[in-house]
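Top to bottom, those sequences are chains A and B.
Under our numbering, read the first sequence as residues 1 to 453, first letter to last.
Under our numbering, read the second sequence as residues 454 to 710, first letter to last.
The C-beta atom is built at its ideal place from N, Cα and C for all residues, glycine as well.
Below is one structure; the comments refer to it alone.
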Amino acid sequence: MIDVMEKEKTSSYLADFAAFEESATARSLPSWIPPLRRAALSRFSEMGFPTRRDEEWRFTNVAPIERVPFQRAGAGRNALLSDRIAGFTFDGLQAATQLVFVNGHYAPELSTFQTLPQGVTVSSLAKALRDDAALVEPHLARVAGFEHQAFTALNTAFLSDGAFVHIGRGRIVEEPIHLLFVSTSTGGDEPTVSHPRTLIVADENSQTTIIESYAGWDGDVYFTNAVTEVVAAENTVVDHYKLLRESDTAFHIANMQIRLARTSSFSSHSLMLGGAIVRNDVGAHLGGEGIECTLNGLYMGTGDQLIDNHTTIDHAMPHCNSHEVYKGILDGKARGVFNGKIFVQLDAQKTDAKQTNKALLLSDDAQINTKPQLEIFADDVKCTHGATIGQLDENAIFYLRSRGIGAQEARSLLVYAFAGDIIDRIKIEPVRAQLQKSLFAQLAKGPGAEEAV
Amino acid sequence: MLTIKNLQARVEDKEILRGIDLTVNPGEIHAIMGPNGSGKSTLAGVLSGRESYEVTGGEVLFEGKDLLELDPEERAREGIFLAFQYPVEIPGVNNTYFLKAALNAIRKHRGQEELDAMEFLKLVKEKMKILHMDQSLLNRPVNEGFSGGEKKRNEIFQMAVLAPKLAILDETDSGLDIDALRVVADGVNALRGPDRSVIVVTHYQRLLNYIVPDFVHVLSKGRIVRSGGKELALELEEKGYGWLEEVAAKEALPVTA
Ligand SMILES: Nc1ncnc2c1ncn2[C@@H]1O[C@H](COP(=O)(O)OP(=O)(O)OP(=O)(O)O)[C@@H](O)[C@H]1O
Ligand SMILES: [Mg+2]
């Protein structure tokens with residue numbers, strides 16, 4: 001009975017698959033892609049959408065996503081004016097390389113290119129599959145496996161476009177590279193789905209900063225099912241920022257998997273503000289000695305938003321450090337979920353792993369479910385984790401107000417202070433400024449804001 | 454400037470202020486003394502708009518305005534400043550940023566132009582000099598990790614920058630050594646002027662050697678049981694509060710009988 005229901009829900013994707021395979025975008029790719037897609041599709045149809053009986057999805061019900069008859073947006077619907085996306089770019093980063101995707105399709109007319117060092121490639125994934133297949137094939141779908149992840153399987157089944165970044169050996173890219181994925185349901189009024197795929201490959205001794213943005217306009221209904229794979233070779237420095245500003249009626253499911261080699265240094269900053277249902281998985285595999293891995297996250301939910309973060313840090317080798325700080329700000333009836341796994345394998349002696357997870361609840365109806373999960377098989381390691389849930393300090397609010405600062409501003413100041421350490425660790429000033437602006441705008445929208453005035 | 458008439462207030466179900474009458478004219482300094490738990494901080498809190506106190510009767514006029522109708526921030530903008538008995542630590546909020554936001558909110562309310570970063574810094578440096586404050590405190594989060602004395606000085610520093618019309622000091626002198634005490638007194642005296650008033654809540658007459666009050670009031674069990682000149686403070690220092698409480702109890706007897 002249940003199986004039949006599950007099948008029905010996945011069937012629209014299954015039915016669409018044949019049409020997708022016939023489409024021009026799908027057909028222009030190398031011959032090893034179709035079998036990969038079919039394998040992923042069959043895995044997806046076996047698994048179906050996750051249910052809350054699945055431990056990994058205990059607090060996140062994806063039924064609302066299943067219910068909407070999303071349509072794959074064809075290429076060509078992306079005739080968006082560049083001034084419409086201007087709000088999603090960063091003041092002060094205009095000169096940077098910026099790839100823009102609309103509903104998952106690369107939009108060259110909206111993209112800008114700076115001169116990049118030789119040996120650095122930034123292109124659409126579709127182009128890379130045609131021109132640089134030898135660079136793509138060893139990694140694509142190998143870092144983010146789809147055996148146990150239905151949404152990643154679905155993404156892989158519909159794999160056709162996305163972003164590809166390759167930083168050659170020893171290359172240093174100073175300016176951040178911005179990958180901007182905008183989605184919209186307008187121009188047809190049908191809810192649209194996209195499965196953007198990003199592959200970032202950093203060769204030995206290289207250094208780069210990547211910003212992945214996902215954005216849309218409030219009221220638009222769409223589903224972004226994104227997968228990102230990062231491969232950082234020996235002694236690389238990779239800083240990754242993900243800034244989520246999806247429409248308040250959008251669904252965003254994302255899985256980023258990172259494979260780190262010896263003495264590499266990787267940081268991820270997941271900054272999440274929009275979306276009706278957001279699920280953000282980040283997983284790092286530390287496969288060499290001397291790796292520094294930082295996973296930070298900041299999310300703010302209002303209204304009925306659900307923001308679910310799952311992270312995994314897999315210490316497979318000795319002498320690696322991982323630092324993780326996730327903070328959530330929840331207003332209205334918003335719900336947050338945090339699940340942070342840290343594995344320390346038998347060989348991973350001298351591991352130093354720190355995890356902190358904090359939530360600030362701005363209203364009585366806001367909720368957080370949090371679960372640290374440490375599995376340690378080595379004996380000479382340092383692992384700490386801490387979780388706190390709190391509310392704004394009324395005494396602090398009164399103190400600020402007693403000096404003339406308005407109630408709303410006092411709250412904003414305190415919320416900003418709560419998030420401060422994560423914001424301070426954002427090294428790109430324009431991103432920090434944008435985040436602050438979005439955060440304050442979001443705060444002003446919240447019901448807590450009205451109560452306070 | 455400030456007129457308090459028959460003010461009554463409670464916390465939860467506990468009656469704390471039981472009818473306070475007090476008039477503070479421009480330029481005056483009033484000291485309020487009284488035993489622990491007599492309601493001094495409650496009075497200060499009610500005047501600054503702390504919401505945990507429920508005013509159950511009476512009225513408070515500040516420059517003719519009904520003070521009790523105003524939000525805490527509106528009171529501050531009108532010119533009331535409370536130096537907290539226990540200043541609050543606010544991790545993550547920078548002291549300078551906070552004070553600039555406060556000052557500009559007040560200036561805006563008064564129709565003055567907001568100060569930019571340079572102008573603000575100039576003002577702040579001036580005031581820090583008067584108070585012998587260590588400049589590094591400016592760049593730290595508000596009160597976080599400050600010593601007791603540093604917190605009290607920071608209160609007076611804020612007062613100096615915000616230049617209120619009515620400053621209420623709630624035991625700013627408690628726990629201070631004599632040097633710090635002088636600094637606090639200097640800060641208050643620098644603020645003095647014909648149109649500025651101060652209410653000093655204290656347990657010790659010591660402070661009143663440096664900040665000389667025009668009036669001294671004794672608060673006991675939520676009432677002002679005695680008012681006098683600065684010599685009353687000396688008398689209290691000598692005799693304690695016991696005798697006054699006895700007097701008050703006798704006076705109250707006919708009412709309870
Ligand atoms: N939030 C509160 N909840 C319950 N009781 C309170 C609260 N605040 C004050 N009180 C009580 O009200 C009474 C008056 O307190 P208040 O702090 O005004 O005294 P005070 O005169 O300032 O004393 P001190 O000299 O110790 O500072 C005390 O009995 C105190 O315990
Ligand atoms: Mg007190």
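Residue-chain proximity (residue i, chain B), Cβ-Cβ < 8 Å
i, result
"residue 1 (chain A)", "In this prediction, residue 1 (chain A) scores a pLDDT of 41, lower than 50, which makes its location untrustworthy; the coordinate-derived value is nonetheless stated afterwards. By this cut-off, residue 1 (chain A) is not an interface position."
"residue 495 (chain A)", "No answer is possible for residue 495 (chain A): it lies beyond the span of chain A, which begins at 1 and ends at 453."
"residue 386 (chain A)", "no"
"residue 405 (chain A)", "yes"
"residue 413 (chain A)", "yes"
"residue 396 (chain A)", "yes"
"residue 55 (chain A)", "no"
"residue 418 (chain A)", "yes"
"residue 197 (chain A)", "no"
"residue 190 (chain A)", "no"
"residue 140 (chain A)", "no"
"residue 401 (chain A)", "yes"
"residue 448 (chain A)", "Summary for residue 448 (chain A): the model assigns pLDDT 47, below 50, so the residue's position carries little reliability; its value from the coordinates is reported in the next sentence. So, not an interface residue."
"residue 429 (chain A)", "no"
"residue 175 (chain A)", "no"
Test: residue i CB closer than 8 Å to a CB of chain A
i, result
"residue 496 (chain B)", "no"
"residue 558 (chain B)", "yes"
"residue 503 (chain B)", "yes"
"residue 731 (chain B)", "Because chain B in this structure spans residues 454 to 710, residue 731 (chain B) falls outside the shown range and cannot be described."
"residue 648 (chain B)", "no"
"residue 513 (chain B)", "no"
"residue 473 (chain B)", "no"
Residue i: CB within 7 Å of a non-hydrogen atom of ligand 2
i, result
"residue 711 (chain B)", "Beyond the ends of chain B as shown, which are 454 and 710, falls residue 711 (chain B); an answer cannot be given."
"residue 421 (chain A)", "no"
"residue 623 (chain B)", "yes"
One or two residues paired with residue i in a DSSP bridge
i, result
"residue 106 (chain A)", "A:101"
"residue 339 (chain A)", "A:310, A:371"
"residue 467 (chain B)", "B:464"
"residue 241 (chain A)", "A:211, A:269"
"residue 282 (chain A)", "A:256, A:311"
"residue 167 (chain A)", "A:120, A:202"
"residue 218 (chain A)", "Note: residue 218 (chain A) sits in no beta bridge, so no partner."
"residue 231 (chain A)", "A:201, A:259"
Residue i beta carbon near ligand 1 (any heavy atom closer than 7 Å)
i, result
"residue 495 (chain B)", "yes"
"residue 693 (chain B)", "no"
"residue 487 (chain B)", "yes"
"residue 473 (chain B)", "no"
"residue 469 (chain B)", "yes"
"residue 658 (chain B)", "no"
"residue 538 (chain B)", "yes"
"residue 673 (chain B)", "no"
"residue 490 (chain B)", "yes"
"residue 505 (chain B)", "yes"
With 16 other Cβ atoms within 10 Å as the buried cut-off, status of residue i
i, result
"residue 652 (chain B)", "buried"
"residue 424 (chain A)", "exposed"
"residue 315 (chain A)", "buried"
"residue 35 (chain A)", "exposed"
"residue 631 (chain B)", "exposed"
"residue 212 (chain A)", "buried"
"residue 571 (chain B)", "exposed"
"residue 166 (chain A)", "buried"
"residue 566 (chain B)", "exposed"
"residue 624 (chain B)", "buried"
"residue 247 (chain A)", "buried"
"residue 648 (chain B)", "exposed"
"residue 540 (chain B)", "buried"
"residue 87 (chain A)", "exposed"
"residue 52 (chain A)", "exposed"
"residue 646 (chain B)", "exposed"
"residue 450 (chain A)", "Residue confidence for residue 450 (chain A) is low, a pLDDT of 41 falling below 50, so the modelled location carries little weight; the figure read from the coordinates is stated next. Per the 10 Å Cβ criterion, exposed."
Cβ-heavy atom distance, residue i to ligand 4, below 7 Å
i, result
"residue 465 (chain B)", "Ligand 4 is not among the ligands present in this structure, which contains only ligand 1 and ligand 2."
### Query
Which residue spans inside the stretch 469-521 of chain B form an unbroken beta strand (DSSP E) run of at least 3?
482-486, 506-515
### Task
Ignoring anything shorter than 4 residues or poking outside the stretch 20-48 of chain A, list the alpha helix (DSSP H) runs there in chain order.
24-27, 33-47
### Task
Report the residue ranges of all alpha helix (DSSP H) runs contained in full by the stretch 530-600 of chain B; include only those spanning at least 4 residues, in chain order.
548-562, 570-584
### Any beta strand (DSSP E) of 3 or more consecutive residues that is wholly inside the stretch 602-645 of chain B
619-623
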